[in-house]
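Numbering (our numbering), first residue to last: 395 to 567.
Every residue, glycine too, gets a C-beta built ideally from N, C-alpha and C.
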């Protein structure tokens, strides 16, 4: 992470959320719950970095969550249309049908990109320039940092630990 801020309140908040996430991972909840926890951690870290007071945090989170909800809905819509396109391919649908559904995918992707831009630009009205700059850096690095940490963690374990319980086979002679 490019931006760090140390104060006791922030460390306590982050520690609390991390304990919740680790507990949930240990309990082995469905993947959707894991992503929800990751999003909670993201919001806590973001608020910590932005150093907003209580009132500003409430306004920021209200706008952030509203746009984030729209992005998730549009992303789910895109997934459904891509699945529909894949089904049409499997069914050997006519070219006109493939073109029609492909165009739906493109339009929905465009709408999703516009929602991401809206999210970034609308946060500007709630933040001063320094906080806005921190916000942009955070939004562009959080998932990359998370992905890097997951890959580093996976490299620490042998590949067999990530496979379902299958018998290890010895090489045949």
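Would you report the Cα separation of residue i and residue j, rounded to the nearest angstrom?
i, j, result
"residue 477", "residue 520", "37 Å"
"residue 435", "residue 472", "26 Å"
"residue 551", "residue 487", "44 Å"
"residue 497", "residue 447", "45 Å"
If you run the structure through DSSP and keep just helix, strand and coil, what is residue i?
i, result
"residue 506", "helix"
"residue 513", "helix"
"residue 550", "coil"
"residue 521", "coil"
Let me know if residue i comes out buried or exposed under the rule of 16 or more other beta-carbons within 10 Å of its beta-carbon.
i, result
"residue 440", "buried"
"residue 548", "exposed"
"residue 483", "exposed"
"residue 387", "No answer is possible for residue 387: it lies beyond the span of the chain, which begins at 395 and ends at 567."
Closest to residue i by C-alpha separation, out of the options, would be which residue?
i, options, result
"residue 373", "517, 537, 501", "Residue 373 is absent from the model: the chain starts at 395 and stops at 567."
"residue 530", "543, 541, 515", "515"
"residue 572", "490, 501, 453, 438", "With the chain covering 395 to 567 only, the question about residue 572 has no answer from this structure."
"residue 494", "511, 485, 475", "475"
Those runs of the beta strand (DSSP E) which lie wholly inside the stretch 438-497 and span at least 3 residues:
Unbroken beta strand (DSSP E) runs of no fewer than 3 residues, entirely contained in the stretch 438-497, are not found.
Which runs of the alpha helix (DSSP H) fall wholly inside the stretch 524-548 and span at least 4 residues, in chain order?
When DSSP assignments are scanned along the stretch 524-548, no uninterrupted stretch of alpha helix (DSSP H) that is 4 or more residues long falls wholly within it.
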